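Trainee: Please read through the structure below; I'll follow up with questions.
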Amino acid sequence: MAKHQFQTEIGQLLKLMTYSLYSNKEIFIRELISNASDAIDKFNYMQLTDEQFKSANWNGKINVNIDEADGSLTIADNGIGMNEEDLMANLGTIANSGTKKFVEQMTGDAKKDSNLIGQFGVGFYSVFMVSDKVDVITKKAGEDQAYMFSSDGQGEFELKPVTKEEHGTIVYIKLREEEKEFLSKWRVQEVIKKYSNHIAYPIMMHFTKEETEGEGDNKTTKKVKKTEQANAATALWTLSKSELKKEDYIEFYKTLSHGDDEPLTYLHNKVEGAQEFTTLFYIPKTAPFDLYRADYQSSVKLYVKRVFITDDDKELLPTYLRFVKGIIDSEDLPLNVSREILQENRILANIKQNSTKKILQAIKKLKDEDMNLFTEQYNRVIKEGIFQDYTNKELLLEIVRYKSSTQEGMVSLDDYISRGDSEKKEIYYIIGENEKVVRNSPLLEAYKKAEIEVLILDDKEIDEIVTPSIATFKEWTLKDITTMDAPDSKTAEEKEEISKEFKSLTDRIKAVLGEEVKAVKTTARLTTSPSCVVKDSSDPMAGMAHMFMQMGQAMPEIPLILEINPDHEMVKKLDKLEDSSKFEDMAWILLDSAKLAEGIEPKDKFAFASRIANIATQAL
Ligand code: ADP
């Protein structure tokens, strides 16, 4: 017998579990049955596709045995089973690097971590909430040797060879004294009905019952062994919507997600016609922890005629919908689909297209409060979608939300349009590093004055790439206010006049700043600030960030134009300033402070600081 140490993170997980899930211990039954069902799914597929495993009389089945005398519960399946390596890898370590990282991040603050655990799912280890002696006896299909894994959930486990006839897994759970409620047939049945009613395989419960025989003095009671099927054993998604209640969908979701949260929404569709398939999708309330990891796990399972094929195909839905959990069951795909075939399969492509549309429509229909939750969790991936999915761009644009210069909270483009100028049909936006910087940008001054709404885009990294690619929404043109003239009340002639009046000043400033700016101009867009910087809209690179992104290249710097406010006291005084060294300092300060207001660093921070100090000293 060999002793092994659990990976550190599992030790941590085990400890956390005892704290965080104690009020909901019953879920260990759900988790073990879900594992059993997955294992049967896998063998079912092998059986249908591999000559070696073809067998006329195999039927997937889960047995739950209650042994009152022994104080134990046993959950057995005739699925794929595990060999020694599988046991080490699956039960002894957390294999997925994302999950591992996630556990590492847990703080030991039981309250905080219990929320995390909820979305992460607990799986097999949940069994240690009710037991400190668990044996897993298992034999992998096609192999001769069976193994036993034993652990008390305290940081160590043992592995040894044993004998077992059939392939599959038996999990023996010696219940702790205070967990004896799970020896009641009624209690166990209740839990199975609640979470596992629509597991596709029969769950047979074995228990003993006291029965009385005879009359009067001859009356004897004896214990009789009984067997009952505890679940409906029909895959939930194969039932018609009218047979299912909201609770059914929610309990099934909990089985699927290994969590305790309810979904934000779900959608169940049966498509009939040239192609037949059924889909059941859920939108989780909280985004999976690996949403932004390259090695995220797919959460959609593919079935063919109710036979499980894979849960590891990231192509089933577009990548930006990677937070969706659910099931696709096709009637038309061949059972022996290989991964390569899946990649370029027309049937699947069609299912993907149909599913994407349905999911987006369901999201669009979310009520306000749910939509806010959705936006909080997924706005960013929806932006990814806008960029990636040309076909569904319109729908995605109806879903995405932005901050606004005139409204509280997040607004939709449809909202914006309903308030906007329907003659001009323009949607204004500004992109910046963070909300505060953007809201205080001098570039917004003229819009504030004219009471024109501007969308505040503060997720610069992604907004800068995605937004220029939108171009229009329902015939309205999207306009970046940093590359266009601002609204004002002056005529072109008046502006020309002002520009001439200040020509000597703008020329002098340009001479000081040299190549640092493309041009220096007067502007009517400012009210309180003396200066601002804008991107040169005539530059061929402006608005092409998405192209560089697609080519995998960094965006080249677009030259800036310095605009000065001719009505500002400082600018007026500067125009008359003779002292050339003071003038130089002021020219740089105009540029650098305008840059700072847009969240752009001055070229030389030290020079900027010392110029400010110079000017301040003189002012005193
Ligand atoms: P999860 O089910 O979320 O992957 P678990 O901790 O429950 O996490 O299980 C870890 C792995 O152990 C499973 O992915 C599976 O490969 C394996 N496993 C667990 N139970 C069984 C079983 N009854 N039969 C075969 N493999 C199993």
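Note that the numbering used here has the sequence shown beginning at 446, numbered continuously upward. Yeah, the Cβ is synthetic: ideal placement off N, Cα and C, and Gly gets one too. Note that this is a predicted model, so its numbers are computed, not measured.
Check whether the Cβ atoms of L923 and Y874 lie closer than 8 Å to each other.
Mentor: For the purposes of this step, residue 923 is taken as the residue at position 478 of the sequence shown. For the purposes of this step, residue 874 is taken as the residue at position 429 of the sequence shown. Their beta carbons are under 8 Å apart, which means L923 touches Y874 by this criterion.
Trainee: Measuring only the C-alpha atoms, how far is E611 from E829?
Mentor: For the purposes of this step, residue 611 is taken as the residue at position 166 of the sequence shown. For the purposes of this step, residue 829 is taken as the residue at position 384 of the sequence shown. So the alpha carbons of these two residues sit roughly 48 Å apart.
Trainee: Hey, quick one: how far does the beta strand (DSSP E) through I754 stretch, first residue to last?
Mentor: For the purposes of this step, residue 754 is identified with residue 309 of the sequence shown, where counting begins at 1. Note, I754: beta strand (DSSP E), 752 to 755.
Trainee: Identify which residue in E721, F832, E909 has its Cα closest to the Cα of E776.
Mentor: Here the question's residue 776 lines up with position 331 in the sequence shown. E776 has its Cα closest to that of E721, out of E721, F832, E909.
Trainee: Give a single yes or no on whether H713 has its beta carbon closer than 7 Å to a heavy atom of the ligand ADP.
Mentor: On the sequence shown, position 268 is the one that residue 713 refers to. No, Cβ of H713 sits at least 7 Å from all heavy atoms of the ligand ADP.
Trainee: Here's the rule I'm using: 16 or more other beta-carbon atoms within 10 Å means buried, otherwise exposed. How should V669 be labelled?
Mentor: On the sequence shown, position 224 is the one that residue 669 refers to. So V669 counts as exposed.
Trainee: Would you mind sorting W631 into buried or exposed? The rule is 16 or more other CB atoms within 10 Å of its CB.
Mentor: Counting from one through the sequence shown, the residue named residue 631 turns up at place 186. W631 comes out exposed.
Trainee: So if DSSP puts Q674 in a beta bridge, which residue, or which two residues, is it bridged to?
Mentor: As a position in the sequence shown, residue 674 is number 229, starting the count at 1. Partner(s): M649.
Trainee: Just reading off the beta strand (DSSP E) that K966 is part of, what are its end residues?
Mentor: Position 521 of the sequence shown, counted from the start, is the residue given in the question as residue 966. Run containing K966: 964 to 967, per the beta strand (DSSP E) assignment.
Trainee: Since M929 is in the beta strand (DSSP E), which residue starts that stretch and which ends it?
Mentor: Here residue 929 refers to the residue found at position 484 when the sequence shown is read from its first residue. Counting along the chain, M929 falls outside any beta strand (DSSP E), and DSSP gives it neither H nor E.
Trainee: Three-state secondary structure (DSSP) at L532?
Mentor: Taking the first residue of the sequence shown as 1, we reach residue 532 at position 87. It is helical.
Trainee: If we ignore side chains and look at the alpha-carbon of each, how far apart do K639 and A739 end up?
Mentor: If you number the sequence shown from 1, residue 639 lands on position 194. If you number the sequence shown from 1, residue 739 lands on position 294. Cα-Cα distance, rounded: 35 Å.
Trainee: Which two residues bound the contiguous alpha helix (DSSP H) that contains I1045?
Mentor: Against the sequence shown, residue 1045 aligns to sequence position 600. I1045 -> no alpha helix (DSSP H), and no H or E assigned at all.
Trainee: Of the residues K1050, M855, K654, which one's Cα is nearest the Cα of D512?
Mentor: In the sequence shown, counting from the first residue as 1, residue 512 sits at position 67. Minimum Cα distance to D512 is reached at K654.
Trainee: I want to know whether the segment 912 to 929 touches the segment 868 to 887 - three or more CB-CB distances under 8 Å.
Mentor: With the cut-off at 8 Å, the segment 912 to 929 and the segment 868 to 887 touch.
Trainee: Would DSSP call E601 helix, strand or coil?
Mentor: Taking the sequence shown and counting its residues from 1, one reaches residue 601 at position 156. DSSP places E601 in strand when its eight states are reduced to three.
Trainee: Does the beta carbon of N535 fall short of 7 Å from some heavy atom of the ligand ADP?
Mentor: Position 90 of the sequence shown, counted from the start, is the residue given in the question as residue 535. Yes, the Cβ of N535 comes within 7 Å of a heavy atom of the ligand ADP.
Trainee: Name the one or two DSSP bridge partners that G613 has.
Mentor: Position 168 of the sequence shown, counting from 1, holds the residue named residue 613. G613 pairs with K584.
Trainee: Going along the chain, which residues of its own chain have a beta-carbon closer than 6 Å to the beta-carbon of I637, five neighbours each way excluded?
Mentor: In the sequence shown, residue 637 corresponds to position 192, counting from 1. Same-chain partners within the cutoff: I648, A675, N676.
Trainee: Going by C-alpha distance, which of T666, F473, G505, Y646 is nearest D705?
Mentor: Locating residue 705 in the sequence shown gives position 260, where the first residue counts as 1. Closest by alpha carbon: F473.
Trainee: Quick one, which of L1036, L736, V633, F594 has its alpha-carbon nearest K759's?
Mentor: Taking the sequence shown and counting its residues from 1, the one referred to as residue 759 is at position 314. If we check each option's Cα against that of K759, L736 comes out closest.
Trainee: Quick test of the definition: if touching needs 3 or more C-beta pairs under 8 Å, does the segment 740 to 752 touch the segment 809 to 819?
Mentor: Output reads no: the segment 809 to 819 does not touch the segment 740 to 752.
Trainee: Between the Cα of I478 and those of P913, H713, G524, spot the shortest distance and give me the residue it belongs to.
Mentor: The residue you call residue 478 lines up with position 33 of the sequence shown. Checking every option, the nearest Cα to that of I478 belongs to G524.
Trainee: Tell me the residue span of the alpha helix (DSSP H) that contains T494.
Mentor: Residue numbering aside, residue 494 sits at position 49 when the sequence shown is read from its first letter. Here the alpha helix (DSSP H) through T494 covers 472 to 494.
Trainee: Report the CB separation of Y592 from E529 in whole angstroms; it is logged as a contact under 8 Å.
Mentor: Taking the sequence shown and counting its residues from 1, one reaches residue 592 at position 147. Taking the sequence shown and counting its residues from 1, one reaches residue 529 at position 84. With a Cβ gap of about 5 Å, Y592 and E529 count as contacting.
Trainee: A481 and I455: beta carbons closer than 8 Å?
Mentor: Within the sequence shown, residue 481 is the residue found at index 36, counting from 1. Within the sequence shown, residue 455 is the residue found at index 10, counting from 1. Going by C-beta atoms, A481 is not nearer than 8 Å to I455.
Trainee: If you draw a straight line from the alpha carbon of D1030 to that of V845, how long is it in whole angstroms?
Mentor: Here the question's residue 1030 lines up with position 585 in the sequence shown. Here the question's residue 845 lines up with position 400 in the sequence shown. Those two C-alpha atoms are separated by around 44 Å.
Trainee: Taking 7 Å as the cut-off, does the CB of T614 come closer than this to any heavy atom belonging to the ligand ADP?
Mentor: If you number the sequence shown from 1, residue 614 lands on position 169. Answer for T614: yes, Cβ within range of the ligand ADP.
Trainee: Please report how far the alpha carbon of I773 lies from the alpha carbon of V979, in whole angstroms.
Mentor: One-based indexing of the sequence shown puts residue 773 at position 328. One-based indexing of the sequence shown puts residue 979 at position 534. Their backbone Cα atoms lie some 49 Å apart in a straight line.
Trainee: Go ahead and pull the three-state DSSP assignment for M574.
Mentor: Sequence index remark: in the sequence shown, residue 574 carries index 129 (1-based). If DSSP states are grouped into helix, strand and coil, M574 belongs with the helices.
Trainee: Let me check one thing: in DSSP terms, what residues is Y873 bridge-paired to?
Mentor: Here residue 873 refers to the residue found at position 428 of the sequence shown. Beta-bridge pairing links Y873 to V899, K924.
Trainee: What residues in its chain sit with their C-beta under 8 Å from that of L900, if we drop five residues either side in the sequence?
Mentor: In the sequence shown, residue 900 corresponds to position 455, counting from 1. Around L900: Y847, K848, S849, S850, V856, Y861, I872, Y873, Y874, I875.
Trainee: For Q497, does the three-state DSSP call read helix, strand or coil?
Mentor: For the purposes of this step, residue 497 is identified with residue 52 of the sequence shown, where counting begins at 1. DSSP places Q497 in helix when its eight states are reduced to three.
Trainee: Less than 8 Å between the CB atoms is what I'm expecting for V965 and I915, so what's the real figure, rounded?
Mentor: Against the sequence shown, residue 965 aligns to sequence position 520. Against the sequence shown, residue 915 aligns to sequence position 470. Contact doesn't hold; Cβ gap of about 31 Å is too wide.
Trainee: Can you confirm whether the segment 687 to 706 touches the segment 786 to 800 when touching is taken to mean that 3 or more C-beta pairs between the two stretches lie within less than 8 Å?
Mentor: No, they do not touch.
Trainee: Quick check on DSSP: helix, strand or coil for F451?
Mentor: For the purposes of this step, residue 451 is taken as residue 6 along the sequence shown, with counting starting at 1. If DSSP states are grouped into helix, strand and coil, F451 belongs with coil.
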